[in-house]
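Enquirer:
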Amino acid sequence: MHKWQVIALATLAVLLLVGGLAAMVVPEAYGGREVYRIDERYSLRILHLAGVASLAAGCLTAWAAGILWQHRTGGS
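For the sequence shown, the residue numbers in the working numbering are 8 to 83.
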């Protein structure tokens, strides 16, 4: 069993999720160019979009690690 593949995918998933959450909490002054203004108090910026993409990639990677783990252990 190649346990290192599951561990590598899970580690990558955690890094992507933490990076995405960190990108979401960055103040707007550091968020880059404004993409869409929601109202006068909040706008969607480039770093927010990168954070959402990183969170989505982290979720998919964690899901893939779970599927691989189930496949390797013979689970259903």
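Think of the CB as a built atom: it goes at the ideal place given N, C-alpha and C, for glycine as much as any other residue.
Keeping to the same chain, check which residues put their C-beta closer than 6 Å to that of Gly58; ignore five residues upstream and five downstream.
Expert: Gly27, Ala30, Met31
Enquirer: Roughly how many angstroms separate the alpha carbons of Gly39 and Ala20, rounded to a whole number?
Expert: If you draw a straight line from the Cα of Gly39 to the Cα of Ala20, it comes to about 25 Å.
Enquirer: Here's the rule I'm using: 16 or more other beta-carbon atoms within 10 Å means buried, otherwise exposed. How should Thr68 be labelled?
Expert: buried
Enquirer: Grab the span of the beta strand (DSSP E) containing Val42 for me, first residue to last.
Expert: 41 to 44
Enquirer: Excluding the five sequence neighbours on either side, which residues of its own chain have a C-beta within less than 7 Å of the C-beta of Leu75, listed in chain order?
Expert: For Leu75, where only same-chain residues beyond five positions count, the Cβ hits under 7 Å are Gln12, Val13, Leu16.
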